[in-house]
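What follows is one structure encoded as structure tokens, with my remarks underneath.
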Amino acid sequence: MIEAKCVACKGPGMSSLRVLVALGVLLGITACSSRPPPRLAVELTARATAKAGVVSLVVSDRARAKRLRAIYLEVVSLSRELDRARVTARAQCANALEPRTPTASPADPIASGALGCSIAPPLTDRAALDRYARLMLEARTLLTQREFDKLARMR
């Protein structure tokens, strides 16, 4: 009888362990995927479009809601500019690395600088990024904490 209880206890424990291992493997496969991360423009466009669609439901003051909607729609167009700036920065970074490549092993993306170019290349044109930051700060000043929290849940 005691053995039966121990076997029953191990059964669910083993299945939860298997679930954790499966989740770890799935997370590892996703993190090490050869596909690039989602494009910035896609992510910003999706979030800004969602917020623009519901801002009039969340913000009761029509003037603030109208301005916020305009801000979110401007972010949609800015996201394309940010994406173009990112692509340009990646290309410039990769071109700057070409003369240095023989000293570092091409198989080592960290030492060669290729990893830095693909993840976070230095932006030479920061105008769109600065405009985005100003728009987000303005949007935040137009929202109450409650409204901000509601819109933050929009993805």
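One rule links them: number in our numbering = place in the sequence shown (from 1) + 612. Ideal placement from N, C-alpha and C gives every residue a C-beta, glycine not left out. No experiment lies behind these values; they were computed from the predicted model shown.
Looking at C-alpha atoms only, which residue of Val687, Arg679, Arg659 is the closest neighbour of Leu763?
Arg659
As assigned by DSSP and simplified to three states, the class of Asp761:
helix
Ends of the alpha helix (DSSP H) at Thr657?
652–670
Quick check on the burial criterion: 16 or more other C-beta atoms within 10 angstroms. Buried or exposed for Thr713?
The predicted model places Thr713 with a pLDDT of 47, which falls under 50 and marks its position as unreliable; any figure quoted below should be read in that light. It is exposed - the Cβ of Thr713 has fewer than 16 other Cβ atoms within 10 Å.
Is it the case that the Cβ atoms of Leu754 and Arg681 are separated by a distance below 8 Å?
no
So what's Asp673 in DSSP terms, helix, strand or just coil?
coil
Excluding the five sequence neighbours on either side, which residues of its own chain have a C-beta within less than 8 Å of the C-beta of Leu747, listed in chain order?
Ile683, Glu686, Val687, Leu690
Would you kindly work out how many angstroms separate the C-alpha atoms of Ser645 and Ala675, rounded to a whole number?
With a pLDDT of only 47 at Ser645, under 50, the local geometry of the prediction cannot be trusted, and no value is derived from it.
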